[in-house]
Every structure is written in structure tokens, then in C-alpha cells.
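Chemist: The following block contains the structure, expressed as C-alpha cells.
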Amino acid sequence: MKTPLYIYNTLSKKKEEFMPLNPPHVGLYVCGPTVYGDAHLGHARAAISFDLLYRYLKYLEYKVRYVRNITDVGHLESNADEGEDKVAKKARLEQLEPMEVVQYYINDYHHNMLRLNLLEPSIEPLASGHIIEQQQFVDKILKSGFAYEKNGSIYFDVEKYNTKYKYGILSGRVIEDLKSNTRELEGQSEKKNPFDFALWKKATPEHLMHWPSEWSEGFPGWHLECSTMSTKYLGKEFDIHGGGMDLLFPHHECEIAQSTAVHGKSSVKYWMHNNMITLNGQKMGKSLGNAISLSDFFSGNHPLLEKAYSPMTVRFFMMQAHYRSTLDFSNAALQAAEKGMERLFRGIDELEKINPSDSSTVNIEDLEEKCHLAMNDDLNTPILVSHLFDGIKIIHSILDGKETISGPDLDRLKALYSNFVFGILGLKKGNKEQVKSDLSSELIETILNLRLEAKRKKDFETSDQIRDFLIELGVEIKDKKDGFEWEIK
RNA sequence: GGUCGGUUUGCCGAGUGGCUAGGCGCUGGUCUGCAAAACCAGUUACAGCGGUUCGAGUCCGCUACCGACCUCCA
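Structure, rendered in C-alpha cells:
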């Protein structure tokens, strides 16, 4: 690769050249979902953003270990230290075992991620499976002196930490501001400061999920699981930590504090954050009640949806925007993406019809270089997509006889689309091709041949009747010069 | 209130100070028995005001509006 990969590091607020700690190995950790509700468009944004990164790193021939966790405990509601565990709450409401709730939503998440054509992470650890490790981590923080015990709960001492290190390096927050701004809520008297966060929390009697420890029967704090599991599987120092921008503070800031307290420095070299999906300009979020689930998108079963959108439409929609920009949901935008993607796929299909010439009048190498440049510039997929559409114009020009392409260049162009569209953007074609191979497709073609015959005999009444009949059944007919093509709508 | 980000052509959405992003839509054309589909062409905007510069969506300042985080969130 002529140009190196640059990625935006939230820590430095700059695009930095990506240089792995131990090439060709790359450690990538991404905050996955808290499994207490249906996977929604926001989950898809994060997952797809980092799936893109994962795919591109692999394309660049890095050996990537991709860890994406699942939060199934320790994630509290309303207040990080006093609220009720989200999973436990759901379980109580639905009279289910907590792990039953967890399993249900993990299945839902996996199912939807698979439909979005996400590659599976190398490791997908559950917080509940790492209680011992988290307790050990708490122990280390206690030994480092940056935590204190109160009534069986362990809290991180942010103020003390701030005297030796600096709290707030990622979010740009300063502790003095936090002192004046952190909202005072009731029942926080256990903590020295309101911005201290729980590492281990003693369980109240109604709390369903708890484990024994030397401090109390309790459960780990939310921020702890990511510090524990990322360093367990990727080492004390690793390359990339990703997640949604909404996790930047306090979650990721606390992770940095925890790791630094134990290891003396932050574990993460590059912090990457995807931006939010908005709905009418407002963040789409579970807690705001305006999140549309992925299942709804795929079925079209939601008052705000004018129709069903395929997983690939959703994926392409996101690829047309940069991962660090907010992306506003609308039916118009989704439908525009759907049509654009169809045009892209049609163009790629046309590739197979090209006959190579002795020489090229088109510059495929240049196109390829532009695609790489776009991706190397902090994964600029909108620019990449624009180049891919330029390539589609080239394909049509060749088929029109306006341009020529040599055999090697044709292979190169095919490889380009295969690599970038299917490999890196992670798009895949629908199942229309499958339909074409079975009996019904043969029937459709037989009927269309009869129509063609009628047209030749200028029996337009019959041919139009057949056309109306098939359109009624959802078959789209595309008349060509000497024949026809068709598609299931 | 504090911190940070945004305001781009009808819509979505990129833009590294100087030459057309791209998609959708729209208009015209090609093809066609008609239509549809497809393809081709056209469609030059950068919230406001001031400044820096030979030259500014692009840098600086101010104003207006919108949003994110500061509480769980992808």
C-alpha cells in the first residue's frame, strides 16, 4: 500500500497513522450491547462501523483479534451505583431467569447482526463469565491505593487518582467541572465524591444477580468488565478500543482510569468512536423511547416505516455516511440508499458481460488507488462509494463501446469490486438469484417467452395482458432489444 | 449552566484554501408497438456578519439555530 492507514484517535482528537504495537497482529476491542432489549439501528451503527474496520484491517493483511463483549451484568439503571441491574429488572418484570433474558436478547442480537452480514468477532466474552477476573482487577486497584471500601462496596477514588494521573484525558473533562456539575442524587452518601464510580457493589436483597466476594455478596461495576476482558484477551496494551460516542464519558474514561491505576498507563493506543443515528435530529436511543428495532426495519412493521428495508439497504445507508458523523434516519434517505445500491449491484453484474480488448482506454489502477486513499483516510466510505459509482460509469462506457479494457485490467476491475463492495463494505446481493434457479423461475420465463412470441406477431393485446398479469404477481419485466430480463419485486 | 460537535444545492451526504464528490429526486434524451426498466446528459450549494489571504464551505472572531455528553445508552 502506497499510503498508510490513518484513523481518528479520540484521545488526540487527530487523525493518526495506524501503527500496530505488534505487527502484523492487531488487537481490537469494541463495546457490544447490554442485552436487555431488542437490537436497534444504533447497535447496527456501532457494529457495522467496527465490522468495516475489522474487514479493512484484514484486507490489509493484519492478523486481527477482534473482541466484542456482551454486557449481561453490572449495568445499572438510572444511576450507575444505586440503580437496579437492567437485566435483573427485565427478568423480574417478565418473571424469567436473568440468564433467560440474557440468552433471549443475545440470540436476537446475533440473529440481526448475521443478517447485516457482520463477521463474527474472534472472542465474544460475557461479563457474567468473568466475575473472578473482575474481582482480581478490583483487588489490584485496591492494592494500588486508588479505591476504597464502604459497606461492602468498592469505589474508585477519582480525586486521588487525579493527583497522580489525570482524570478526563479522553473526554476533555476536568475534575473541578465535574465537582460542580455532577448531579447530586439521593443515597450517594457512601461515596467520597459523586463522580467516584463503583467497582464492586454489594447486592441488596431484591437483587437477583450476585456473587460472593471477600468484600460482600455483590456484583461488579459496569466499567470494570471492559477493562478486565480487554486486557485479559488482548494484553495490558493493545491497539484499538472502539464504541459509540455516547460511551466516551463516563464509561471509557473510567476504563482508562482503572487500567492506568493498575498498569501505570492506559491500555489503549487508539480510541475510536462511532457517531449516533438520529431520528428527526434527535439521538435514537432505547432510553429515549425512539429506537426502531432492526427486526422492525427488516419487516417494515413500525408506524414510522413506510416499507420494509433489507439488511443490506441498512448497511449501505450507513456506508454512505462517515462513521464519525451523525446520520439522520428517514424513509426518503433509506429509499435513496436502496435504489443506489441496486444500481451499484446492477453495474457489477454488467462486469460479466464485458469482452476484453487488446488495450485499455480506462485507468483502473487510478480508480483502485482512489479507493484505497478513501479507506486510508479514516475509513471514508462515502468517498469510496462515490468512486465505486464512477467505476460503474466506466463499466457502462465499455459496454457502450466508448471505452475499451484489457484482459488484465478487467480482472483488476472485477477484483476491485469484489474486494471493496463485498469484502470491505460487507455488502452482499439479495436472494433474487436464488429465486431464478427454481421451478417458478422457469415458469416465468416460459410465460415471458410466450409474450415475446405475441409481440413478434404484433399481438400486443395478448402481450400486454401477460405483462399486467405478471406485474400483478410482483414480477418486474425489463424489455430488452432482443428479449427480456425480469426480477422479483 | 459546563464541555464538545454540527449548520452544504429539492432530499441524503462527502469535502486536504485555488479546478465537477457521490447517491436519490427532477428535467431532457436514447431505446421501445406503447409503457416500464435500463443507459446517457443537465441540475454548482455551502446559516448570518466581519476578518486573514492574490484566492475561503475549507482558516480566525462574533451572532443565530441544532445536537451530543455531563444519568443508563451503540
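In numbering that gives the first Met the number 0, the protein residues as written are 0 to 488. Where is the CB? At the ideal position from N, CA and C, for every residue including glycine.
Ends of the alpha helix (DSSP H) at Val-101?
Modeler: In the first sequence, the residue the question calls residue 101 occupies position 102. Segment 97-114, the alpha helix (DSSP H) holding Val-101.
Chemist: What does the Cβ neighbour count give for Glu-224, buried or exposed, with the cut at 16 atoms within 10 Å?
Modeler: Residue mapping note: residue 224 aligns to position 225 of the first sequence, counting from 1. Buried: at least 16 other Cβ atoms inside 10 Å.
Chemist: Only counting the same chain, and skipping five residues up and downstream in sequence, which positions put a Cβ closer than 7 Å to that of Glu-432?
Modeler: What you label residue 432 is simply residue 433 of the first sequence in a count that begins at 1. Any reading at Glu-432 must be qualified, since the residue scores a pLDDT of 47, below 50, and its modelled position is unreliable; the value itself is stated next. Excluding sequence neighbours, Glu-432 sits near nothing in its chain.
Chemist: Could you check which residue in Met-311, Glu-15 and Val-137 has the C-alpha nearest to that of Lys-428?
Modeler: The residue given as residue 428 occupies position 429 in the first sequence. The option with the nearest alpha carbon to Lys-428 is Met-311.
Chemist: Which value, in whole angstroms, describes the spacing of the CA atoms of Pro-22 and Lys-306?
Modeler: The count along the first sequence starts at 1 and reaches residue 22 at position 23. The count along the first sequence starts at 1 and reaches residue 306 at position 307. Their backbone Cα atoms lie some 46 Å apart in a straight line.
Chemist: Could you tell me which residues DSSP pairs with Pro-219 in its beta bridges?
Modeler: Residue mapping note: residue 219 aligns to position 220 of the first sequence, counting from 1. Answer is Trp-199.
Chemist: Return the residue from the list Gly-171, Ile-105, Val-63 and His-371 that minimises the CA-CA distance to Leu-10.
Modeler: Mapped onto the first sequence, residue 10 falls at position 11. It is Gly-171.
Chemist: For the structure I just gave you, are there three or more beta carbon pairs, one from the segment 255-273 and one from the segment 291-307, closer than 8 Å?
Modeler: no
Chemist: Excluding the five sequence neighbours on either side, which residues of its own chain have a C-beta within less than 6 Å of the C-beta of Ile-363, listed in chain order?
Modeler: Here residue 363 corresponds to residue number 364 of the first sequence, with the count starting at 1. Around Ile-363: Asp-408, Arg-411 and Leu-412.
Chemist: Name the residue from Gly-26, His-206 and His-109 whose alpha carbon lies nearest to the alpha carbon of Asp-238.
Modeler: Your numbering for residue 238 matches position 239 in the first sequence. That would be Gly-26, whose Cα lies nearest to the Cα of Asp-238.
Chemist: Could you check the C-alpha separation between Asp-80 and Lys-139 for me, to the nearest Å?
Modeler: If you number the first sequence from 1, residue 80 lands on position 81. If you number the first sequence from 1, residue 139 lands on position 140. Below a pLDDT of 50, predicted positions are generally treated as unreliable, and Asp-80, at 48, falls in that range; the measurement from the model is reported next regardless. Going by the C-alpha atoms only, they are around 20 Å apart.
Chemist: Taking Glu-15 as the reference, which of Asp-176, Lys-159 and Met-271 has the closest Cα?
Modeler: Within the first sequence, numbered from 1, the residue matching residue 15 stands at position 16. Checking every option, the nearest Cα to that of Glu-15 belongs to Met-271.
Chemist: Compute the Euclidean distance between the alpha carbons of His-386 and Glu-337, then round it to the nearest angstrom.
Modeler: Reading the first sequence from its first residue, position 387 is the one you call residue 386. Reading the first sequence from its first residue, position 338 is the one you call residue 337. Their Cα atoms are separated by approximately 18 Å.
Chemist: According to DSSP, what are the bridge partners of Val-29?
Modeler: The residue labelled residue 29 in the question sits at position 30 within the first sequence. Paired residue(s): Arg-67 and Gly-241.
Chemist: For Ala-146, report the span of its beta strand (DSSP E) as first-last.
Modeler: Here residue 146 refers to the residue found at position 147 of the first sequence. 146-149 is the extent of the beta strand (DSSP E) around Ala-146.
Chemist: For Leu-4, which residues in the same chain have their Cβ closer than 6 Å to its Cβ, ignoring the five residues on either side in sequence?
Modeler: Counting from one through the first sequence, the residue named residue 4 turns up at place 5. So the list reads Phe-17 and Asn-375, once near-sequence residues are dropped.
Chemist: Would you identify the three-state DSSP class for Phe-419, choosing helix, strand or coil?
Modeler: On the first sequence, residue 419 is found 420 positions in, with the first residue counted as 1. The answer is helix: DSSP assigns Phe-419 an H, G or I state.
Chemist: Can Pro-34 and Ile-69 be called in contact, C-beta distance under 8 Å?
Modeler: Taking the first sequence and counting its residues from 1, the one referred to as residue 34 is at position 35. Taking the first sequence and counting its residues from 1, the one referred to as residue 69 is at position 70. Per the sequence shown, residue 34 should be read as Val rather than Pro. Yes, Cβ-Cβ distance for Val-34 and Ile-69 is below 8 Å.
Chemist: Quick check on the burial criterion: 16 or more other C-beta atoms within 10 angstroms. Buried or exposed for Asn-273?
Modeler: Here residue 273 refers to the residue found at position 274 of the first sequence. So Asn-273 ends up on the buried side.
Chemist: Need the endpoints of the alpha helix (DSSP H) that Glu-475 sits in, please.
Modeler: The residue labelled residue 475 in the question sits at position 476 within the first sequence. No alpha helix (DSSP H) holds Glu-475; the beta strand (DSSP E) holding it covers 474-479.
Chemist: Please classify Gln-94: is it buried, with 16 or more other beta-carbons within 10 angstroms of its beta-carbon, or exposed?
Modeler: In the first sequence, the residue the question calls residue 94 occupies position 95. With fewer than 16 Cβ atoms within 10 Å of its Cβ, Gln-94 is classed as exposed.
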